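Structure, as structure tokens:
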């Protein structure tokens, strides 16, 4: 088991190296590279430009540049933003927590709601309740999350008014009221819409997945055995069927992470949430390649770690799983 | 219960002869039993029909009429008009042409890559399988939307590639980042089927690898590929409109369901109809496709309970 995960970890390394080489070449080849500004400026002479090239190490062969760049990345230096000239690490550092706050809250709520929904839906298969949940889930899987966000703004910001103040019922974007105090209540107030929209689409996926998973365990032999030996239904459902149905969810969550990041990008863009997704969108509009590369690299590393963690957790949760 | 005599058996009305029904017809009949899928097919037919018949509209999709800007829906303009006075109904129909084309083309390209990769990996196994599956896993760990945005931004800045049309870029980019799912499914099926007797028999009468893969094994995986392809179309349509909404997909003035939404946000206060109709079309289309996929999966599955 230990050796299996060590091998998995070793497999992840070439993956990261290939990815980093590609990203490195893209940053170098991208129009508007590190010297673009100097090249456009008529006050900088050819010699000065050469000196700048030498100082930035751009006169070295590509592989030497790559090693130097990789060394910096490993030390946490992801380069400079072309637009703002600030270290990319700082820019992402400011935004990462905001994204985690938004996505984390939505995700916890999703799991808390989707699991009971899926479970009851499976226990009462083909009932009215199941029918409603299934229809909702199909709708939630088909609706584009950005459109749902726009409609939410339309309904709760444009159309509905707050009965006490006469202003909009819910804020349309941002983290805090502009000019107001940065209180926790204000933050929660601004989170209602983006979190609800994210939840609506995620619950659709996860409730359906958990329903299928639960149906499978409910028909499994060990559940029949548990019922046959006279265990109370509660115990059969919670300890036998439910517990085993949760296990595949772990893998699902890890595999789903790219989609989760995508959802965050849309929602942060629509609701002006100052997170990593919106930073990426802004950087893409401004062709700020170092920022784009850094965010992709960070997300890829997070996804690889999540996959590995999911596999480990899977083995812990399900003793039948043996890796060799 | 009375005893059955030979006489009874002889005088009993003849049992109707069961005629052999082609598998295609059986599957079709099973599909028709999935009522929601049938409804979905009719709805999708209407959406496709409206896109095909778009030129019949009274207006041109790019015809501007500034004096008539931001008009709410009326008899003359069913979905209202946008900030430049263009007819939103007409633009939505034309947008459907682009969005549906992108959805279908990206899916076909994605299936083409995925099926070839899956076939080679599953059939040959060993080193080829190992290498191809590592690459597949690598692509699966990419934060897809971010990479989509990056590539489409870069491709537009490299004119040498000749990908001048933003529609082509979007098709290409979506396919390049979605072939992994069909590849995995086809590989699994090839692993399962390649040691079956019929493959051995084909091998014994001298069929080459290419022939065995394409003529003997591939047809057995068609049902799974069709279901996967259906779901991919919905995915591609949603992705295209998402990219276009963010400004990295199909570029205006060519309308697509996604870039129609991009302008809509600016006028949310004054012209909510701008955001409602194009989004509704994406929603209805992808929901229909998902239901059709569900119906097809049940129809193809010999063990389905329905």
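Protein chains in written order, with our numbering: chain W, 6 to 329; chain L, 1165 to 1470. Even glycine gets a Cβ: it sits at the ideal position worked out from N, Cα and C. Note that the structure is predicted; figures quoted are calculated from it, not measured.
Next item on the list: Following the continuous alpha helix (DSSP H) through residue 19 of chain W, name the residue where it begins and the one where it ends.
Entry: 7-34
Note to self: Run through chain L and tell me which residues come within less than 7 Å of residue 267 of chain W, C-beta to C-beta.
What the structure shows: 1308 and 1309
Next item on the list: State buried or exposed for residue 1246 of chain L, treating a residue as buried only when at least 16 other CB atoms are found within 10 Å of its CB.
Entry: buried
Item checked: residue 322 of chain W to residue 252 of chain W span [Cα, whole Å] -> 7 Å
Check: Roughly how far, in whole angstroms, is the beta-carbon of residue 1261 of chain L from the beta-carbon of residue 1215 of chain L, given that I think they are within contact range, below 8 Å?
Finding: 5 Å
Margin query: So the candidates are L:1462, L:1455, L:1464 and L:1183; which of them puts its Cα closest to the Cα of residue 144 of chain W?
Written below: L:1455
Next item on the list: Could you check what DSSP says for residue 1416 of chain L in three-state terms: helix, strand or coil?
Entry: In the structure shown, the three-state DSSP call for residue 1416 of chain L is coil.
Check: Whose Cβ in chain W lies nearer than 7 Å to the Cβ of residue 1451 of chain L?
Finding: 143, 144 and 147
Note to self: Quick check on the DSSP output: the alpha helix (DSSP H) that includes residue 205 of chain W runs from which residue to which?
What the structure shows: Looking at the DSSP string, the run of the alpha helix (DSSP H) that includes residue 205 of chain W is 189-223.
Notebook entry, point to check: So which residues on chain L does residue 304 of chain W lean against when the C-beta distance must stay under 7 Å?
Noted result: 1307 and 1310
Next item on the list: Show which residues of chain W have a CB atom less than 7 Å away from the CB atom of residue 1409 of chain L.
Entry: 151
Notebook entry, point to check: residue 227 of chain W CB to nearest chain L CB: under 8 Å?
Noted result: No, residue 227 of chain W lies away from the interface with chain L (no Cβ there is under 8 Å from its Cβ).
Note to self: Pop quiz: residue 274 of chain W and residue 1410 of chain L are said to be a contact at Cβ under 8 Å. What is the actual Cβ separation, rounded to whole angstroms?
What the structure shows: 6 Å
Check: Within 10 angstroms of its Cβ, does residue 1392 of chain L collect 16 or more other Cβ (buried), or is it exposed?
Finding: buried
Check: Nearest CA to the CA of residue 1353 of chain L: which residue from L:1384, L:1297 and L:1341?
Finding: L:1384
Notebook entry, point to check: Which residues of chain W have a Cβ atom closer than 7 Å to the Cβ of residue 1429 of chain L, listed in chain order?
Noted result: 155
Notebook entry, point to check: Since residue 1314 of chain L contacts residue 1341 of chain L with CB under 8 Å, what's their CB separation in whole angstroms?
Noted result: The Cβ separation is near 11 Å, so there is no contact.
Notebook entry, point to check: Which word fits residue 1404 of chain L, buried or exposed, when buried means at least 16 other C-beta atoms lie within 10 angstroms of its C-beta?
Noted result: Buried, because 16 or more other Cβ atoms sit within 10 Å of the Cβ of residue 1404 of chain L.
Check: Should the region 136-156 of chain W be regarded as contacting the region 1444-1463 of chain L, the criterion being three or more beta carbon pairs within less than 8 Å?
Finding: Between the region 136-156 of chain W and the region 1444-1463 of chain L there are three or more inter-stretch CB-CB distances shorter than 8 Å, so the stretches are counted as touching.
Notebook entry, point to check: Would you say the region 1263-1273 of chain L touches the region 1386-1400 of chain L, given that touching needs at least three Cβ pairs under 8 Å?
Noted result: Three or more Cβ pairs closer than 8 Å define a contact, and the region 1263-1273 of chain L meets that threshold against the region 1386-1400 of chain L.
Check: Which chain L residues sit within Cβ distance under 9 Å of residue 272 of chain W?
Finding: Correct list: empty, because the minimum Cβ distance to chain L is about 12 Å.
Notebook entry, point to check: Of all the options W:22, W:131 and W:240, which has the alpha carbon lying nearest to the alpha carbon of residue 217 of chain W?
Noted result: W:131
Note to self: At the level of alpha carbons, what is the spacing between residue 24 of chain W and residue 302 of chain W?
What the structure shows: 8 Å
Margin query: Check whether the region 1418-1433 of chain L and the region 122-137 of chain W touch, using three or more Cβ-Cβ pairs below 8 Å as the test.
Written below: Too few Cβ pairs lie closer than 8 Å, so no.
Notebook entry, point to check: Is residue 1470 of chain L buried or exposed, if buried means 16 or more other CB atoms sit within 10 Å of its CB?
Noted result: Reliability of the predicted coordinates at residue 1470 of chain L is poor, the pLDDT of 42 falling under 50, and the value obtained from them is presented with this limitation in mind. Exposed is the call here.
Margin query: Using DSSP's beta-bridge definition, name the partner residues of residue 166 of chain W.
Written below: W:173
Next item on the list: Name, in chain order, the residues that DSSP records as bridge partners for residue 1247 of chain L.
Entry: None; residue 1247 of chain L has no bridge partner.
Notebook entry, point to check: How about residue 23 of chain W: is its C-beta nearer than 8 Å to some C-beta of chain L?
Noted result: yes
Item checked: Through-space distance from residue 97 of chain W to residue 88 of chain W, alpha-carbon basis -> 14 Å
Check: What distance in whole Å lies between the Cβ atoms of residue 138 of chain W and residue 122 of chain W, which are believed to be in contact at a cut-off of 8 Å?
Finding: 6 Å
Check: Taking a cut of 8 Å between CB atoms, which residues from the region 1233-1256 of chain L lie near chain W?
Finding: none
Checklist line | Cβ-based neighbour list, residue 228 of chain W, same chain, cut-off 7 Å, excluding 5 preceding and 5 following | finding: 222, 241, 245 and 246
Notebook entry, point to check: In or out: residue 164 of chain W buried (at least 16 other Cβ within 10 Å) or exposed?
Noted result: exposed
Checklist line | Runs of alpha helix (DSSP H) wholly within the region 1295-1322 of chain L (minimum 4 residues, chain order) | finding: The region 1295-1322 of chain L contains, as complete alpha helix (DSSP H) runs of 4+ residues, the segments 1308-1321 (chain order).
Check: Using the beta-carbon of each residue, which ones in chain W are nearer than 8 Å to residue 1425 of chain L?
Finding: 151, 152 and 155
Notebook entry, point to check: Would you say residue 315 of chain W reaches chain L, if we count a Cβ-Cβ gap shorter than 8 Å as a contact?
Noted result: no
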